[in-house]
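If you're matching them up, the sequences are chains A and B in order.
Numbering-wise (this note's numbering), the first sequence opens with residue -4 and increments by one.
Numbering-wise (this note's numbering), the second sequence opens with residue -4 and increments by one.
What follows is a set of notes on a single structure, which appears directly below.
2 protein chains.
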Amino acid sequence: MTSNEVSVCEVGPRDGLQMASAIMPTDVKLRWLRRLGAAGVREIEVGSFVPPKLVPQMADTEEIVRAASQWMPEGLYVLAPNLKGAQRAHAAGAHAVIVPVSVSERHSQANTRKGTFEQVDEVRAIVEWTRAQTRRMRVDAGCATAFGCSMEGAIPLARVVDVASGLAQAGVDGIALADTVGYGNPAQVRECVRAVRAAVGPTLTKLHLHDTMGLGLANALAGLDEGIREFDASMAGLGGCPFAPGASGNIVTEDLVFMLESMGLRTGIDLEALMEARAFLREAFSSEPLRGSVALAGVPKTYRRAA
Amino acid sequence: MTSNEVSVCEVGPRDGLQMASAIMPTDVKLRWLRRLGAAGVREIEVGSFVPPKLVPQMADTEEIVRAASQWMPEGLYVLAPNLKGAQRAHAAGAHAVIVPVSVSERHSQANTRKGTFEQVDEVRAIVEWTRAQTRRMRVDAGCATAFGCSMEGAIPLARVVDVASGLAQAGVDGIALADTVGYGNPAQVRECVRAVRAAVGPTLTKLHLHDTMGLGLANALAGLDEGIREFDASMAGLGGCPFAPGASGNIVTEDLVFMLESMGLRTGIDLEALMEARAFLREAFSSEPLRGSVALAGVPKTYRRAA
């Protein structure tokens, strides 16, 4: 991957739908995934292996992974909070698992019922188990609350570096820094990316940003400036922030793709086709508010900057 | 002004209200301006001297300027498209006029019924007339459509530099680069700021950004990186884009202030007091949609980064 190419991972089917008030039917999910793939989206987080009692929206993840793996040649991500989930992901045919590790101790306990470094141990177990399997599966870790926590407030940078270092030592393939509640700012993103990269090098691969305070794309720009070339985003900003009712969810895939392509970076995603996938979402899942500026304003006829 | 200080000019009373479907009563405008001042907003574009038949929302500008100049010690901006408007602004007590000059020839004809360089001549006449007056008044020029035009499409960078150079030679105190339709991207902002500054030096002072495609704050960040320390913004993103129905207007003042303050920059604006001014707007001008992420999510208890 050259520095001109940016990978946009669509996490709406997981991070978006898990916050949705309605449950998207399995066949609608699969048709949506197909449209995302048709638009050139090469990485999709399709679901999570978490208790269906807690997150009923993800109850069909196994079926989704099995179906999507039939046509996705790569980039089929599933969230798995523990070894059991990772094993299920592997069995179903996922290409990668993303394991959440909350930098905030309190958020970690609330989210995974384990302390932060207990969860790092879980990641190590997942890496070791996965390496013993014949079929390869990528293991990434997502450092949740890396830019602030609604429970603990500010998160010390040294703590983020410690957690990321532990994850790198555990052998993960990639680390994502996640602004879980969307309280980060561009200066903080730059500082944090620099510090974590100094500790773990290229194992830091990705930013997972929320747009709670409207700074999502500015934070993405700060990450780009620091050399980050992988970003999570959610179509129509689907989802929300559990700690800020009414606030938006992940950064909007369509807007992020527009920004990147208009800057002369290349995502491999066709924005018009992406808007068709959004139109499908609007019709097939009309209970959820769809966000995003490009959708409101319309895609300009020419927006791609010469590379 | 040190590099840590950023000036945010509230343009909602002009750029926002001129696009509003309703006309804000004069007394409501004045009470809103007072609340903006109470929040620490030190620069406000309070109206424009344009034909009331075309822009009835601005018909009371003279009265507004006279009243606001009683309590604003500085920073009272008015938009004036021509010498006559600048003279009216001066007579009413404005501290500064901003003269629009469209870089796009077609937009210039549509907006001011003059070609771009005819309008540069008008600016020169304004500068000369103003210098001859006893009471000083700042003359700024706003380079409209500097980042793209809904009529002409892409605007060549060399054209922006030519227009800015002409304005600097005309003797303006400051030049703002305006993304009138909101089609700019961060790479373009950086490139344009660098090129214009190379031509006119510190006479380039400000960015005027719209959030049409959702890139407004990312574009502001790009400007900050290039040393820009003055930005226009509109409370609640009031207004819109005449060329993209449904699209948002200027970048949202509250969100911009949040971004700047959280990055450790200083605006002199109290965000909580700013939210009170917004609450006043919501009650006193309920016909207009109010935008902004910070308002939806709520102001976090601690957000200011140590300077």
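C-beta atoms are modelled at their ideal positions from N, C-alpha and C, and glycine is treated no differently.
What separation, rounded to the nearest whole angstrom, lies between the Cα atoms of B/Leu204 and B/Ala190? Looking at the two C-alpha atoms, the distance is approximately 18 Å.
In angstroms with no decimal places, state the Cα-to-Cα distance between A/Trp66 and A/Ala15. Each residue's CA atom was taken as its position, placing A/Trp66 and A/Ala15 some 26 Å apart.
Would A/Met146 count as contacting chain B if we go by Cβ distances under 8 Å? So no, A/Met146 is outside the interface.
Taking the alpha-carbon of B/Ser288 as reference, which of A/Asn214, A/Glu221, A/Thr207 has the nearest alpha-carbon? Of the candidates A/Asn214, A/Glu221, A/Thr207, the one whose C-alpha sits nearest the C-alpha of B/Ser288 is A/Thr207.
What residue does the beta strand (DSSP E) around B/Ala139 start on, and which one ends it? Taken as a continuous stretch (DSSP letters only), the beta strand (DSSP E) holding B/Ala139 covers 133 to 139.
Measure from the C-beta of B/Ala75 to each C-beta in chain A and report whether the shortest distance is under 8 Å. Put simply, the CB of B/Ala75 is far from chain A, with every gap to its CB atoms at 8 Å or more.
Under 8 Å between C-beta atoms, does A/Asp227 make it to chain B? No - not a single Cβ of chain B is within 8 Å of the one on A/Asp227.
Between the segment 63 to 82 of chain A and the segment 256 to 271 of chain A, can you find at least three pairs of beta-carbon atoms closer than 8 Å? The segment 256 to 271 of chain A makes no contact with the segment 63 to 82 of chain A; the number of CB pairs closer than 8 Å stays below 3.
Thinking C-beta only, is B/Glu5 closer than 8 Å to B/Leu31? Taking 8 Å as the Cβ cut-off, B/Leu31 and B/Glu5 qualify as a contacting pair.
In the DSSP assignment, the beta strand (DSSP E) including B/Leu199 goes from what residue to what residue? Run containing B/Leu199: 199 to 204, per the beta strand (DSSP E) assignment.
Does DSSP put B/Gly70 in a helix, in a strand, or in coil? The answer is coil: DSSP assigns B/Gly70 none of H, G, I, E or B.
Take A/Pro95 as the anchor and find which of A/Glu283, A/Asn(-1), A/Ala272, A/Leu172 has the nearest alpha-carbon. Ranking the options by Cα distance to A/Pro95, first place goes to A/Leu172.
So B/Leu266 and B/Ala231 are in contact, right, with Cβ under 8 Å, and what is the actual spacing, rounded? Contact check for B/Leu266 and B/Ala231: beta-carbon distance about 14 Å, past the 8 Å limit, so the pair fails to qualify.
Reducing DSSP to helix, strand and coil, say where B/Pro181 ends up. If DSSP states are grouped into helix, strand and coil, B/Pro181 belongs with the helices.
Which runs of the beta strand (DSSP E) at least 3 residues long sit entirely within the segment 34 to 87 of chain A? Give them in chain order. For the segment 34 to 87 of chain A, whole beta strand (DSSP E) runs of length 3 or above, ordered along the chain, are 38 to 43, 71 to 74.
Rounded C-beta distance between A/Met53 and A/Ser43? I'm assuming under 8 Å. The pair is a contact, with the Cβ atoms about 5 Å apart (cut-off 8 Å).
Count the other CB atoms, across all protein chains shown, that sit within 10 Å of the CB of A/Arg273; report buried if there are 16 or more and exposed otherwise. Buried is the call here.
Per-residue burial, A/Asp55 [other beta carbons within 10 Å of its own, 16 or more giving buried]: Answer is buried; the Cβ neighbour count reaches 16.
Tell me the DSSP bridge mates of B/Leu172? B/Leu172 is bridged by DSSP to B/Cys138, B/Leu202.
Contact check, B/Pro181 vs B/Ala213 under 8 Å by CB: the rounded distance? Distance from B/Pro181 to B/Ala213 at the Cβ level is roughly 5 Å; contact confirmed, criterion being Cβ atoms closer than 8 Å.
Within its chain, find whatever has a CB closer than 6 Å to the CB of B/Arg101; leave out the 5 residues flanking it on each side and keep chain order. Same-chain partners within the cutoff: Met146, Glu147.
Residues from the segment 256 to 273 of chain B in contact with chain A, defined by Cβ distance under 8 Å: So the close ones are Ser257, Met258, Gly259.
For B/Glu147, the three-state DSSP class (helix, strand or coil): In the structure shown, B/Glu147 sits in coil (DSSP, three-state: anything other than H, G, I, E or B).
State yes or no: is the beta carbon of A/Phe253 nearer than 8 Å to at least one beta carbon in chain B? So yes, A/Phe253 belongs to the interface.
Is it right to say B/Gln13 is buried, meaning 16 or more other beta carbons lie within 10 angstroms of its own, or is it exposed? Buried.
Mind listing the chain A neighbours of B/Ser2? Cutoff is C-beta to C-beta under 8 Å, in chain order. What B/Ser2 touches in chain A, judged by beta-carbon distance under 8 Å, is nothing: the nearest beta carbon there is about 19 Å away.
Spatial distance of B/Val98 from B/Asn77 (CA atoms): It is roughly 16 Å from the alpha-carbon of B/Val98 to the alpha-carbon of B/Asn77.
Looking at A/Phe142: is its Cβ nearer than 8 Å to the Cβ of A/Asp116? No; because the gap between Cβ atoms is not below 8 Å, this pair is not in contact.
Determine, using beta carbons only, whether A/Ala190 comes closer than 8 Å to chain B. No, A/Ala190 lies away from the interface with chain B (no Cβ there is under 8 Å from its Cβ).
Can you check whether the C-beta of A/Asp157 is within less than 8 Å of a C-beta belonging to chain B? Taking Cβ atoms only, chain B never reaches closer than 8 Å to A/Asp157, which makes this a no.
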